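Take a look at the structure set out below.
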Amino acid sequence: MIRSVESAQGVRGLAVATYGLCKRYGGETVLDRVDLRVPDGAVYVLVGANGAGKSTTFRMLMNLARPDAGTAEVFGMDTHRKDAHVRAQVGYVSDVRDRAYPNVTCGRLLQHVAVFYPAWDAAYATHLSRALEVRLERKVRSLSKGEAQRLHLVLALAHRPPLLLLDEPIDGLDPVIRRTTLALLIEHIADTQTTVLLSTHQLHEVQSLADHVGVLRGGRLIAQMSRDDLEGTVRRYRVEVPDGWMPPPGLRMAGLRRSSGGREIQATLLGGERDVVERLTLAGGRVREAQPLTFEDAALVLLTEEMAG
Amino acid sequence: MLVTLDPGDARPLYLQIMDEVRRTLVVGTLQPEDPLPSVRELAAELLVNPRTVSQAYRELEREGIVYVRRGQGTFVAPNVHRGWAERRALGLEVAKRALLEARRSGLGVEDLLRFIGEVADSEEEVPSDAMAAANQGDEE
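As you go down the protein sequences, you meet chains G and H in turn. Take the first sequence: its position 182, counting from 1, is numbered 182 in my numbering, and each next residue is one higher. Take any residue in the second sequence, count from 1 to its spot, add 1000: that is its number in my numbering.
Below, the structure written as C-alpha cells:
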C-alpha cells in the first residue's frame, strides 16, 4: 500500500480518517482494514469498481452502517459515538437516490431541512435549485432518479458544510447537467472552506479537480496519495530488451506489451523514475522513454496494476 | 482571455494554465493592465480546482507577468508586452515537446532542426491569412 498523506500531514489536519475499517456481509468481505486519510481542504477522489467498497465506506462515515472492526473519524469525532455532531458538519449525497418524504414538494423539503442547519443559506439554495433545474413545485415522489440526485446535491451544498461526502454525485447525470454540477461544485470550493470526498466512475470528469486519490480494490485501499505523488509515481516506459527478457521481480506494473519482434516492451511502472530506470537497466534493458501520464490514466493504472515476478 | 486545456497533456495543470496566459500575451489578445479572470471564474470555466488556478497566478506574479491589486483582482503587468522573455518561455516549452516527440521516433536535435526548416520552407510558398495575421504583431 502506498502512503504519503500520513507522512506529509501527520494525523492532525485530517478531515476524514478511518482506522482498520472492516465489514463483512454474509461470507463476503466488503471492507478489509481500510485506513482512509483525507486531508483538511482536499478534493479526494475515491475510485474503484462496483462492489469495491466505496459506498459502504461512505455509509460508515454517516453511521448508516456499522463496521465489524475498526473506527472512523470526521474532524476527529468518532462517527458512531458522535454521529449527530458529524452529520451537522457534513453534506451527503448517497448513491441510493432515495425519495424520503415522497408527498412533499421539493420546495417544502428544502424548508424542512433548512431548520436543521443554522448555516442554511436560503438564497444559495434557490440559486442551486435553479442552476440544477430542480423544480421546487414538484412532489418528491414524482422525481426521476436524476432529479432526485440533483435535489440531494442542493440539500448537501446549501448549508455550506465543512465536509462534503458525495457518493457518485455526477454519475448518471446527462453531460450538460454534469458540467453544470462540476462548475457549481468548483465555485462552492472557491467560496467555502470545504473538504470534498467523492466517488465516481467518471474519472476523466474530475481529473482536473482532484488533488488526492484513493483506490479501492476488493475492499482494500491499495493506494492513496496526493496528485503530485501520483504524477511522480507512474510513468509509461519504452524499453529495448534482449531476446526472451523477463521483467525483474518485484516491479509494480500494468499493461505490459511486447513488440512483435520481442525487442521492445512498453509498460506502466510504479515507483520513482530513477529507481525504476536503474532496475530496468540492471536487468539488461535500455530505457528509451519515460512518459508521464495524465491523472486519469495514472489512476487507472493503480486500479489494474500487478506485481511482476 | 480564452484559455483551453488539452486533456491529454500530462504536465501539471498550473503549468498548462501559465503557458496559456503566456500564449495569449504573445499573441496579443491579453494586453498590459488587462484584468485576468478571477480564480473562481477561471476554475469553474476550466473545471479545475481553484487552488490550481491560484498556484498558476502566484507563479505568474513571481515571474512579474501579472500583479495583484488588492480587492480588485489580478492584472497583466504594465511592462509586459509580448516581450522576449515571454516568447522565450513559450518557445522553450514548444521546443521541449517537439524534442521529446523527436527522440521517441529516434531522431536527434540536428535531424529535427533540419526537418523543421524543410517544412517551414515548403509552407512559406503558400502563406495563409491566419499566419499572416499572427505575424503582424511581430514588428516591435
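The beta-carbon is built from N, C-alpha and C at its ideal position, and this holds for glycine as well. Here the structure is a predicted model, which means the values were calculated and not measured.
Proximity to R33/G across G20/G, Y237/G and L184/G peaks at G20/G, based on C-alpha coordinates.
The contact set of R1051/H on chain G, defined by CB atoms closer than 8 Å, consists of D211 in chain order. Listed by position along chain G, the residues whose Cβ is nearer than 8 Å to that of G1008/H are T294.
Scanning R279/G, G219/G, E231/G and I170/G for the CA closest to the CA of L1013/H turns up E231/G. A residue is called buried once 16 or more other Cβ atoms fall within 10 Å of its Cβ, and E1020/H is buried on that count. Secondary structure at Q89/G: coil, using DSSP grouped into helix, strand and coil.
For E1033/H, the three-state secondary structure derived from DSSP is coil. The beta-carbon separation of L36/G and T56/G, rounded to 12 Å, does not stay under the 8 Å limit for a contact. Residue range R220 to S226 is occupied by the beta strand (DSSP E) that includes M225/G, with no alpha helix (DSSP H) assigned at that position. V30/G and R178/G have their C-alpha atoms spaced approximately 29 Å apart. Only exposed fits F1115/H, as fewer than 16 other CB atoms lie within 10 angstroms of its CB. L1099/H places its beta carbon less than 8 Å from that of V1109/H. Sorting E289/G, L302/G, P247/G and E147/G by C-alpha distance to the C-alpha of T233/G places L302/G at the top. Distance check between F75/G and each of H152/G, D191/G, R135/G and D40/G places D40/G closest, using alpha-carbon atoms only. Residue ranges of uninterrupted beta strand (DSSP E) with 3 or more members, entirely inside the segment 128-209 of chain G and ordered along the chain, are 163-167 and 195-199. Close CB contacts of R227/G within its chain, under the 8 Å cut and outside five residues either way in sequence, are with A210, D211, H212, V213 and F295 (chain order). Residue pairing for H212/G: DSSP places it in a beta bridge opposite Y44/G and S226/G. For A1098/H, the closest Cβ of chain G is not nearer than 8 Å. Beyond the five residues adjoining it in sequence on each side, V1003/H comes within less than 6 Å, by CB distance, of E1020 in the same chain, given in chain order.
Look at V301/G here: in three-state DSSP terms it is helix. Using a 10 angstroms sphere on the CB of A1044/H, the tally of other CB atoms reaches 16 or more, which defines it as buried. Taking a 10 Å sphere around the C-beta of V206/G, we find 16 or more other C-beta atoms and assign the residue as buried. Residue ranges of uninterrupted beta strand (DSSP E) with 3 or more members, entirely inside the segment 54-105 of chain G and ordered along the chain, are 69-74 and 90-93.
Taking the C-beta atoms as reference points, R252/G is found nearer than 8 Å to E305/G.
Across the segment 1008-1034 of chain H, CB contacts with chain G closer than 8 Å involve G1008, D1009, A1010, R1011, P1012 and L1013, in sequence order along the chain. The contact set of L128/G on chain H, defined by CB atoms closer than 8 Å, is empty, because the minimum CB distance reaches about 14 Å. DSSP places Y237/G outside any alpha helix (DSSP H); the residue lies instead in the beta strand (DSSP E), whose first and last residues are V234 to E240. In the structure shown, the three-state DSSP call for Y25/G is strand.
S142/G is classed as exposed because its beta carbon has fewer than 16 other beta carbons within 10 Å across all chains shown. In the structure shown, G1008/H falls within a coil segment according to DSSP collapsed to helix, strand and coil. DSSP places F1115/H in the uninterrupted alpha helix (DSSP H) bounded by V1109 to E1124.
In the three-state reduction of the DSSP assignment, F116/G falls in the coil class, being assigned neither a helical nor a strand state. Residue-level contact check: L1046/H touches chain G, since one or more beta carbons of chain G fall below 8 Å from its beta carbon.
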